[in-house]
Every structure is written in C-alpha cells, then in structure tokens.
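J.: Here UniProt numbering is used: position 232 in the sequence shown is 232, and no number is missing along the way.
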Amino acid sequence: MRYRRILAVVGLFFLAACGGQTATPTAVTGNDQAKPLTKVTIAMPYVPNIQFAPFYLAKTQGYYEAEGLDVTFDYQYETDSVQRVANGSVQFGMAGGDSVLLARAQGLPIMTVATISQRSPIVFYSKAELNIKTPADLKGKSVGIPGRFGASYIGLLALMYSNSLQESDLNIQEIGFAQVQALSEDKVQVASGYGNNEPIQLAEAGVKLNVIRVSDSFALTSDGLIVSESLIKEQPTVVMGFVKATLKGMSATIADPTQAFNSSLREIPELQAADDATKALQQKVLAETIGYWQSDSTAKYGLGFTDQATWQATHDFLRQQNILKQDVAVGESFVNGFIATP
C-alpha cells in the first residue's frame with residue numbers, strides 16, 4: 001500500500017529537530033524536574049459536546065500533559081478549520097476524508113493522522129408509519145437536508161450514487177438545521193442527520209422511526225484528526241503525542257463510558273447544569289457514538305486506523321460527481337504511522 005511509503009517518510013520526520021511551537025513553563029512532574037508544555041490548539045467542529053468525550057477525558061485525566069502538551073479546544077467552528085490547519089493558525093482539526101481530498105486538490109497540504117469514526121454517521125430517518133425502509137423507498141419522497149453542502153448532502157449523494165438514484169427521483173428540500181422539527185411537524189417525510197444524534201432525540205420523545213444508514217450502502221470516509229504536512233515534518237513528536245493521548249482517551253471512554261461522561265461535564269458547562277433527563281439522553285448519545293469508533297479494522301490495527309480502500313472509494317465517487325475536480329493521490333492524503341495501541 002502507498003501509505004507504507006508515507007510511514008517511511010514519517011520515520012525520517014521523527015529524526016528532524018523539533019521547533020516552532022510556543023512552550024510554557026507549566027510543569028509535568030516525573031523526576032522532580034519541570035518540563036515545559038507545548039501549547040497546541042485543536043479546532044473543534046461544533047460546540048462543546050459529549051461526542052468529544054475522548055478529547056475531554058484526555059485533558060482531564062492528564063493524558064495530553066503526560067505527552068508534554070497544553071491543549072486548547074477552539075470552538076470557532078463557523079470558520080474553516082481545514083484552512084486554519086493548513087495555514088498553521090491551529091495545529092489540529094477535525095474533518096472528513098472528503099474534505100481532506102478536496103483541500104489537497106486545492107493545494108492545501110493537510111493530512112489525516114487518525115480516523116475517529118470508522119463509518120459515516122449520516123443517516124436518513126422517517127416516521128415508521130410511512131414504511132420508508134430502503135434507499136429505493138426514497139423515490140418520490142420529500143427529503144430534508146440543511147442545504148446542498150456539507151456532510152448531509154455528500155451523504156445523500158453517496159446514498160443515491162450507490163443505489164442508482166437521481167436527484168430528480170427525490171423531492172429534496174433545503175430546510176437548514178431544523179430537521180427534527182421539520183420531521184416532527186410533517187413538513188418533510190424524511191430528514192437527514194447523524195445516527196448518534198437526531199434519531200436518539202426523536203426516539204426519546206416517543207417517535208418511532210425507520211433509519212436508513214449511508215454506511216450500509218457506501219463506504220464513505222468520515223471524520224478524523226487533521227494536521228498540516230509542515231507540522232508532521234517539523235514537530236512529529238507533537239503530532240505523535242497528541243494522537244497517542246487522544247486515542248488513549250478513546251480507549252478509556254470505550255472501557256468506562258460513565259467515567260468519561262462525568263469527566264467531560266467540566267468541559268461542557270451547559271450539560272453540567274442540565275437536568276437528569278437531559279444527562280441521560282446525552283449518555284445514550286455517547287453510547288451510540290462509541291460504536292462508530294470501532295470496526296473490524298480497528299480490532300486488527302488499532303483505534304484511529306485509516307482504511308485506504310474507503311478513501312479510494314470516496315475519491316472515485318467525488319470524481320464521478322464532479323465534486324472533486326481533479327485526481328488526488330489518495331495514499332498521500334493520510335498516514336497511519338502515528339497510531340498505536342494506547
């Protein structure tokens with residue numbers, strides 16, 4: 001595989017001198033000697049949320065500190081985290097593989113260094129009474145998506161692509177981020193969302209649903225940790241430390257979701273102040289989210305593994321849809337060299 005060549009390059013990167021990031025005198029105790037912590041920032045793709053529990057656990061339990069890192073979570077998700085990672089204004093970010101491929105086609109030198117979700121969480125859900133159970137059942141139905149952009153739209157295109165459907169077969173409606181309300185009020189028959197979010201909310205409200213998962217039809221890449229090629233080259237130990245601590249947070253969350261939930265509350269003030277029913281709902285969200293981090297590949301290669309076949313399939317789909325305007329070297333868009341069993 002081409003990523004093996006990348007591993008060799010990463011090995012050379014590890015021999016390079018580290019420099020560039022600002023270090024602080026915050027101490028990490030070990031041999032009674034203070035070690036400076038390197039300040040790094042990760043651009044988060046949403047507001048503080050229990051789905052980011054591995055990151056919160058890694059911080060509250062000192063996993064990042066043990067790797068010599070002082071981590072800041074940046075929730076300015078309305079800005080382009082891909083661009084910010086590429087230009088070095090933040091060191092880490094989260095983005096789907098499709099975004100990485102599109103960025104590299106535009107000359108932005110970013111890479112995925114660990115895949116968080118092993119399958120796409122995008123789903124299309126409907127009230128059970130409508131009996132919409134398969135992609136073919138979407139024909140002639142009104143389907144609500146935020147707009148013709150982002151993960152939901154890419155997911156819908158992938159679903160149609162893999163099931164020989166055309167946009168003209170569906171009544172696609174752009175409804176903004178009001179899918180739950182639109183479905184509840186029967187403004188659309190089908191709505192897009194994330195399998196670990198909206199369907200859980202509706203089920204808790206007593207709404208019986210049928211759910212069509214994009215991942216059951218097409219192996220679309222999902223979200224992962226992204227960094228710039230320059231950070232990999234200049235500070236590979238920083239990248240290695242951040243990935244290692246984050247994956248340790250994932251492993252600890254899988255092992256004890258309750259501890260992870262409770263540890264995360266200090267990073268999510270609104271949830272910490274919420275009532276018991278809301279907390280119980282978010283615990284279910286976390287439990288569902290954990291399932292997305294694991295696959296046959298992670299059982300074999302470890303959490304964070306990036307599968308080249310999935311990326312190639314996504315690349316070919318994006319090219320066929322003319323979303324990706326030119327071929328991209330898939331094997332140079334990610335690297336598995338930074339993942340290791342925590």
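The C-beta atom is built at its ideal place from N, Cα and C for all residues, glycine as well. A quick note: this is a predicted structure, and the numbers were derived from the prediction, not measured.
1) Would you kindly check if the distance between the Cβ of Thr289 and the Cβ of Gln51 is under 8 Å?
2) Between Leu102 and Asp186, what straight-line distance do the alpha-carbon atoms span, to the nearest angstrom?
3) Does Tyr63 pass the burial test, meaning 16 or more other C-beta atoms within 10 Å, or should it be called exposed?
4) Please name the residue in Glu174, Val335 and Asp316 whose C-alpha comes closest to that of Gln326.
5) Going along the chain, which residues of its own chain have a beta-carbon closer than 6 Å to the beta-carbon of Ala219, five neighbours each way excluded?
6) Which whole-angstrom value is the C-beta distance of Leu69 and Ser263, which I expect to be below 8 Å?
7) Could you give the DSSP three-state label for Phe261: helix, strand or coil?
8) The ligand ATP and Phe261: does any heavy atom of the ligand fall closer than 7 Å to the residue's C-beta?
9) Under 8 Å, do Lys139 and Leu170 count as touching if we go by C-beta distance?
10) What is the DSSP secondary structure of Val113, reduced to helix, strand or coil?
11) At a cut of 8 Å, does the segment 223 to 239 reach the segment 152 to 159 through at least three beta carbon pairs?
12) Alpha carbon to alpha carbon, how far is Glu167 from Trp293? Give it in angstroms, no decimals.
13) Taking buried to mean at least 16 other C-beta atoms within 10 Å of its own C-beta, is Tyr194 buried or exposed?
14) Once DSSP output is grouped into helix, strand and coil, what is the label at Arg84?
15) Classify Lys127 as helix, strand or coil using the three-state DSSP reduction.
16) Name the DSSP beta bridge partners of Phe92, please?
17) Assuming contact is defined by CB atoms lying nearer than 8 Å, are Val40 and Met111 in contact in what I supplied?
18) Among residues of its own chain, excluding the 5 on either side of Leu183, which ones have a beta-carbon nearer than 6 Å to its beta-carbon?
19) Determine the contact status of Met44 and Phe73, defining contact as a CB-CB distance below 8 Å.
20) Just verifying my parser: in three-state terms, what is the DSSP assignment at Ala23?
21) Using 8 Å as the threshold, is the C-beta distance between Glu332 and Pro48 below it?
22) Using the Cα positions of Pro146 and Arg104, report the straight-line distance between them to the nearest angstrom.
T.: Taking the definition as stated:
1) yes
2) 35 Å
3) buried
4) Asp316
5) Thr310 and Ala313
6) No, Leu69 and Ser263 are not in contact; Cβ-Cβ is about 17 Å, not under 8 Å.
7) helix
8) Ligands in the displayed structure: none, and consequently the ligand ATP is not present.
9) yes
10) strand
11) no
12) 31 Å
13) buried
14) helix
15) strand
16) Ile42
17) no
18) Ala191
19) yes
20) With a pLDDT of only 39 at Ala23, under 50, the local geometry of the prediction cannot be trusted, and the value read off the model is given with reservation. Looking at Ala23 - three-state DSSP - the assignment turns out to be strand.
21) no
22) 25 Å
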